[in-house]
Structure formats: C-alpha cells, structure tokens
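What follows is a set of notes on a single structure, which appears directly below.
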Amino acid sequence: MADETIIDVHDVHKTFVSETKPTLWKRLSGKPHVQKRVEVLKGVDLVVHRGETIAILGSSGSGKSTLLRCINKLETIDAGRIYVNGHLIGYEERGGELIAEKASITAQKRTDIGFVFQHFNLFLNKTALGNVMAPLRDVKKLSAAEARKVAVPNLEMVGLGDKMDNYPSKLSGGQKQRVAIARALAMEPSVMLFDEPTSALDPELVGEVLSVIKKIAQQGTTMVIVTHEMQFARDIADRIVVMDQGVIVEEGPPSRIFTAPQHPKTRALLSRSGILPA
Amino acid sequence: MDFITNTLAVFPALLQAVPVVVQLALGAMALALVLGLLIALARISSIKILRGIATFYLEVIRGTPLLVQLVYIFFVLPSIGVSIEPVPAGILGLGLNYAAYLSEVFRSAILSVEHGQTEAALSLGYTPTKTLWKVVIPQSFVVSMGPIGNYFIAMIKDTALTSVIAVTEILKTANILNSQTFQTTAIYTAAAILYLIISLPLSRIVVVLERKARANG
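The listed protein sequences correspond, in order, to chains V and D. Going by the working numbering, the first sequence opens with residue -13, and the numbers climb by one from there. Going by the working numbering, the second sequence opens with residue 1329, and the numbers climb by one from there.
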C-alpha cells in the first residue's frame, strides 16, 4: 500500500490575532483597541502517503511550522480540514457541520502523531528513561515493567543506552533532542512531525540528530520535517515542499527541486542557502 | 548567673507545650496545602464563578489580621451554634489563613512551568487535565518547595497567636508560668529561645531543599 494516505491537509487557513493591550491613556480617551491580524496559512493542501519522508522548506514566517503544529492541533485552524489516518483532527463532522471535539478525543488522536519540538521540551523533572516511559505509563497505561521494555530499545536506537538515568540538565542539546525523538517514537505513531529539530542546536551537535532522523526514515516511518538544513532535506526527503507567505509554492522530488526549481521563491530560497548560484 | 539558671529552669515546663505546637503546625499546614492548591486551581480555572469565589476568599483572608480570624472562629462562631475546641480552632484558623498565601505560591509556580512542557505532554496524547496533574503540578511543587518551607516556619511562629484562643502552646504556657512565679525575664527569654531552636534548623533545611530544587531544574 505505497499510496495509502496518512495525512491529508485540505485548504487550511489560519490567522493569528494578536491583541495589543491599549495603554491606560488610550482607554481613558476612548480609542478603540487594535487587533493585529496576520494570515499565516492561506489555503494549504498537502497529502502525505505511508512511508514517505516530506521536507518542508521556506523562509521564516512562511507558515511551515504553523502548518506542522496545526496537524496535531497545537494550533487551531480557522478553515479547511486536516485528516490523519482518516481521522478528522480537532472536530467531528455531524451532518456536514463541524463541531469542536472533546479534549479527550483530540488527545487520543494525538497519540498517533509523534511531534518533535525545536526546543526539545523534555520533562525537566524526569530522567531520559523517565521521559520516554512517562507517556507510555500515563497515556498508554502500561505497567512500569512494560513501559521500560518499550522505552529502553528506543533509547538505545537513538544511541543513548548509557545516558538513560541522566536528567535533561545533564544532557547536551543533541542528546536532549534524541531523547525527545525516542519519547515520540516509543508511542508508535503513524507519522512523525519534526519542527526544526536542529535549529536550537550548536553546529557540532546537528549531525548526531540528523543521523538519527535519517535512520528512522530508513526504517520506513512516515515523516514530515520542517527544516533549514537544505543538504539534509535533499539527502533524505522523498518529496520537498516549499512554502512562502502561507502557501505552498512548489513541491516535487529533491532531484528536481534542487536542480531545476520552477518558482522564483524556490530559486530565491535556494540561492540564499548557497545551493543555487545567486 | 541567676538569670541563666532561671531561664534553663523554665525549659522543662515550656517543652511540654511543644507537642501542641507540632500538632497545630502540621495540622494547619496539611489543611493549607490541600486548600491552597484547590484555590490556586480555581484561580487559574476557565470557569468564571470559581475564579470569583477564589479571589474573594483571597481578598478577605489577606485583608484581615490572622489574630482577628482566630478570635472570630473561636468567639464568634459559637454564637451561631458552631463551637470548636481551642486546638482544632487554631488549626482551622491557621490553615484557612495560610491556604490563601500558599495558593499564591502554587499559582505562580504553576504559571512558571514552561509552556513547552505543556505542549510536549499534549503532543504525546495527555489530556489537558492529565497534563496539569502529571506534568505541570509535579514540576510546580519543585519550584514551590522553598516558599512553602518558609511559610511553614512563619506558621510555627504564628502558632503563638493561638494563645489568645486558649490553646496552651508555648506563649500561653509562658503566660501561666509568669502569673505563678513572676520571673518575667527568664520565662519569656526561654520562650523566645525555644522558638529559635525550632525554627533555625528548619530554615537550614529549606535552604538545602531550595538548592536541590534549583540543581534539578
């Protein structure tokens, strides 16, 4: 089933509204307060098939991270639909109408979506092993022994078999990110989402994280990676998606995107990264 | 030399009041911790009525002296048919009062837990409620350890106020001794020293706890 759809993003729109609190003087003088609206996603369509590795490229503010966060409902969408493994995310459909679903249902759907954050977000009060075991125990309700049996091989897979009892404060950035990857993988999700997984790392630590991600991709895990690492994206992605100002401007196999980009924004992005001559 | 021997001579009598102080402090602290956490949760809840009740409670407790609250519980409540024995009344008064202050400790500790921790838990399939209890609150306890310890020490000293509602704690015992022997200086010096002996080691423990919490953060 090479073309089984895992993620189906359909015409997704998202606007961030930031309300600047008016100063006391402005309120006294009766000036209306200002709402700042920024449309970050302006109708995005994306289909990801089982086993595919997708890399989303784009300059900052292009909406790529927001898109990723919408897929597991860390952000709520304003319009459109997102399906993961056939399940509509964030809503239930009743007679053609969308109704916001219960938080417990969203939580259940999220167990099927692994998410890796730019800033790792390890539980600071737990060891590496504790971090991987926590959701297995709290969410999947495994016993301590069962959770351990799942957690240990995952930590070994990311090369941290000898750091299992370390607290995050005693781990390097690269090690933290690898624990975070193991923690997400241990839940056996159908898809792994990576939100700029190496952007917060010192340059010398980027390699170890990328090689772990590559290893997971080779095991056939479905992945969507938002990244600035062009060379990495070229190496591992089956398909490159380029975003700019809230829309997907171009997508295709890396061999074509990196050698013969069609869209001027793609060309600009690649030449800024030194891949294409300016 | 007389002064020192006299002071030392008072100690055995005062020491008999220590179990009462321990009872007051532990009982009131247990009440304050549970109620304080509930008030903190009510204050950050999305339900407006809960927030309103919690804020009202906080304002009333913080806007009136603890001494008045104790007197109110012990002398006024009986007039509406609720009579409480001195020690339970002391525990209730101290507990209700400190709950308000501890709730502020809990609230700021809960809010200080990084949003990334919440997002990580949600992304792993924790429900919002489970995220609060399994991820946020345990971490906020680490942060609140030091302030809670300091409030505990303050509470031990505040048990002296319960002397006005007939609890025979250290100060009341000292008062009784004083009325019998009139060795005012020796008796109250001994009482002060006894409070010091209790609170100094505790404040050392708090410092160590705080250092540990910071090391793991």
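Idealized CB from N, CA, C, for every residue including glycine.
Item                                                                                                                                               : Value
Quick check on the burial criterion: 16 or more other C-beta atoms within 10 angstroms. Buried or exposed for Phe103(V)?                           : buried
CB-CB under 8 Å to Pro239(V), same chain, minus the five flanking residues each way: which ones, in chain order?                                   : Asp224, Arg225 and Ile226
Going by C-alpha distance, which of Met1473(D), Ser1407(D), Ile1419(D) and Tyr1523(D) is nearest Val1536(D)?                                       : Met1473(D)
Which residue from Leu1439(D), Ile1419(D) and Ser1451(D) puts its Cα closest to that of Leu1354(D)?                                                : Ile1419(D)
Spell out whether any CB of chain D is found under 8 Å from the CB atom of Asn152(V).                                                              : no
Does DSSP classify His1443(D) as helix, strand or coil?                                                                                            : helix
Name the chain V residues that come within less than 7 Å of Pro1456(D), Cβ to Cβ?                                                                  : Ala89
If you run the structure through DSSP and keep just helix, strand and coil, what is Glu236(V)?                                                     : strand
Can you tell me the Cα-Cα spacing of Arg36(V) and His73(V), whole angstroms?                                                                       : 15 Å
Check the Cβ of Leu187(V) against every Cβ in chain D and list those closer than 8 Å, keeping chain order.                                         : Here the premise fails: no neighbours, minimum Cβ distance about 16 Å.
Rounding to the nearest angstrom, what Cα-Cα distance links Met178(V) and Met1483(D) in this structure?                                            : 51 Å
Helix or strand or just coil, what does DSSP make of Met(-13)(V)?                                                                                  : Residue placement at Met(-13)(V) is poorly supported in this model, since its pLDDT is 47, which falls under 50; the coordinates still yield a value, given next. If DSSP states are grouped into helix, strand and coil, Met(-13)(V) belongs with coil.
Where DSSP assigns a beta bridge to Asp230(V), which residues make up the other side?                                                              : Val233(V)
Which of helix, strand or coil does DSSP assign to Phe1339(D)?                                                                                     : helix
Quick check on the burial criterion: 16 or more other C-beta atoms within 10 angstroms. Buried or exposed for Ile243(V)?                           : buried
Pull up the CB-CB distance for Val144(V) and Asp181(V), whole angstroms please, since I reckon it's below 8 Å.                                     : That belief does not hold up - the Cβ atoms of Val144(V) and Asp181(V) are roughly 18 Å apart, past 8 Å.
Determine which residues of the segment 1464 to 1475 of chain D have a Cβ less than 7 Å from any Cβ of chain V, and write them out in chain order. : Pro1466, Gln1467 and Val1470
Apart from the five residues on each side of it in sequence, which residues of its chain come closer than 6 Å, Cβ to Cβ, to Ala1437(D)?            : Ser1468, Val1471 and Ser1472
With 16 other CB atoms within 10 Å as the buried threshold, where does Glu38(V) fall?                                                              : buried
Residues in the segment 107 to 126 of chain V with C-beta within 7 Å of chain D's C-beta atoms, listed in sequence order?                          : Asn107, Phe109, Leu110, Asn111, Pro121, Asp124 and Val125
Taking Cβ-Cβ distances shorter than 8 Å, what residues in chain V pair up with Ala1520(D)?                                                         : Ordered by position in chain V, no residue passes the 8 Å Cβ test against Ala1520(D), which lies about 40 Å from the chain.
Under the assumption that Phe1425(D) contacts Ile1389(D) (Cβ atoms under 8 Å), give the Cβ distance between them as a whole number of angstroms.   : Sequence check: residue 1425(D) is Asn here, not Phe. So it is a contact: roughly 6 Å between Cβ atoms.
Measuring straight from C-alpha to C-alpha, what distance separates Asp64(V) and Ser4(V)?                                                          : 15 Å
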